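Residues in the sequence shown are numbered from 136 upward in steps of one, following our numbering. Ideal Cβ placement from N, Cα and C applies to all residues, glycine included. Source: prediction; values computed, not measured. Each remark here refers to the structure printed beneath this line.
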Amino acid sequence: MEKPTEAFYSDAEHYWAKIPPTVNGMLGGFGYISPVDIQGSKVFLQQLFRSKDPPGKKYALDCGAGIGRISKHLLLNIFQNVDLVEQNPSFLEQAKIYIGPKLLQRVGNFFPEPLQDFKPEDNKYDIIWIQWVLGHLTDTDLINFLEHCKKGLDSNGMIVVKENITSSGEVEVDKEDSSVTRPLHLLKSLFEKAGLECYRQLKQTNFPKELYNVYMFALKPKTVLCEPSLEIHNFNQSLQFAQI
136 MEKPTEAFYS DAEHYWAKIP PTVNGMLGGF GYISPVDIQG SKVFLQQLFR SKDPPGKKYA
196 LDCGAGIGRI SKHLLLNIFQ NVDLVEQNPS FLEQAKIYIG PKLLQRVGNF FPEPLQDFKP
256 EDNKYDIIWI QWVLGHLTDT DLINFLEHCK KGLDSNGMIV VKENITSSGE VEVDKEDSSV
316 TRPLHLLKSL FEKAGLECYR QLKQTNFPKE LYNVYMFALK PKTVLCEPSL EIHNFNQSLQ
376 FAQI
């Protein structure tokens with residue numbers, strides 16, 4: 136039976152309200168993977184900056200920012216300014232401490248909003264970074280959110296998505312934190328429905344084997360050809376969020 140959308144979101148909100156505002160809490164007890172995760176993301180961004188029409192380095196947006204782990208260790212080391220959006224206000228308050236006073240001077244805004252309600256300012260961001268949070272959105276809200284993000288991009292701007300991917304080819308549901316993990320073909324079909332193309336794709340390496348495969352995607356408004364690092368066969372768009 137499909138889980139009502141309102142319960143899907145409220146259950147997730149209640150789950151995260153009980154999680155401690157620490158790196159280990161943000162990463163579900165796998166805090167030790169943070170340096171490897173950041174390094175993989177840095178390599179991916181470096182590839183984007185070497186592309187034909189690279190994004191700028193003026194402003195980034197950290198979506199589902201938690202306590203600011205990605206902002207502190209990645210985005211604020213590259214971009215002049217960073218905004219954070221996170222629905223849990225206590226996480227954002229901790230982010231102001233965790234990021235530290237020196238880097239905090241270059242944080243523009245802390246938006247205490249859920250992603251399904253958030254609309255970035257138009258034409259503002261060079262990179263919109265979305266990591267380990269799209270599983271908390273329904274398919275419809277995911278598409279709508281990416282459409283809003285697309286409008287928030289500056290010239291040559293890109294959306295970077297870093298997400299868990301199932302190897303089963305099916306949507307897998309986590310009832311504890313009220314989230315879903317999607318297969319590669321479904322996630323990419325949602326990108327396409329949002330009017331985005333995959334400009335570059337890279338698999339994260341050196342993660343523990345017990346974790347999901349993790350992929351990074353650089354998305355642009357539909358103007359360029361996809362440059363996949365993995366061939367996709369038997370493309371199937373039939374999976375729906377109703378599998379919850």
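Checklist entry - With a cut-off of 8 Å, do at least 3 Cβ pairs link the stretch 232-248 to the stretch 292-309? => result no
Item to check | tryptophan 142, enclosing alpha helix (DSSP H) - first and last residue | outcome: According to the sequence as given, residue 142 is alanine; it is not tryptophan. First-last of the alpha helix (DSSP H) with alanine 142: 140-152.
Checklist entry - Can you round the beta-carbon distance between phenylalanine 226 and aspartate 261 to whole angstroms, since I take them to be within the 8 Å contact cut? => result No, phenylalanine 226 and aspartate 261 are not in contact; Cβ-Cβ is about 24 Å, not under 8 Å.
Item to check | Residue of Ile205, Cys284, Thr275, Thr340 minimising C-alpha distance to leucine 321 | outcome: Thr275
Checklist entry - Based on Cα-Cα distance, which residue from Glu327, Lys355, Asp146, Gln339 lies nearest to valine 349? => result Gln339
Item to check | Touching by the beta-carbon criterion (3+ pairs, under 8 Å), the stretch 168-186 and the stretch 327-343 | outcome: yes
Item to check | Spatially closest choice to histidine 217 from Glu228, Gln240, Asn223, by CA coordinates | outcome: Reading off the sequence, residue 217 comes out as valine, not histidine. Nearest option by C-alpha distance: Gln240.
Checklist entry - Residues in its own chain within less than 7 Å of leucine 195 by CB, not counting five upstream and five downstream? => result Here residue 195 turns out to be alanine, not leucine, going by the sequence shown. Here the set comprises Leu210, Phe214, Val217, Tyr260, Asp261, Ile262, Trp264.
Checklist entry - Does DSSP put valine 171 in a helix, in a strand, or in coil? => result helix
Checklist entry - Is the stretch 201-209 touching the stretch 155-165 in the sense that three or more CB pairs, one from each, lie closer than 8 Å? => result yes
Next on the checklist: Which residue wins for smallest C-alpha separation from leucine 219, given the options Phe184, Leu281, Pro249?
Outcome noted: Pro249
Item to check | Of the residues Glu228, Lys207, Ile168, Tyr167, the one placed nearest leucine 238, counting alpha carbons only | outcome: Lys207
Item to check | Three-state class that DSSP yields for threonine 275 in the structure shown | outcome: helix
Checklist entry - In its own chain, which residues sit with a C-beta less than 8 Å from the C-beta of tyrosine 144, not counting the 5 before and 5 after it? => result Pro249, Gln251, His271, Ser313
Next on the checklist: To the nearest angstrom, how far is the alpha carbon of proline 155 from that of glutamine 229?
Outcome noted: 10 Å
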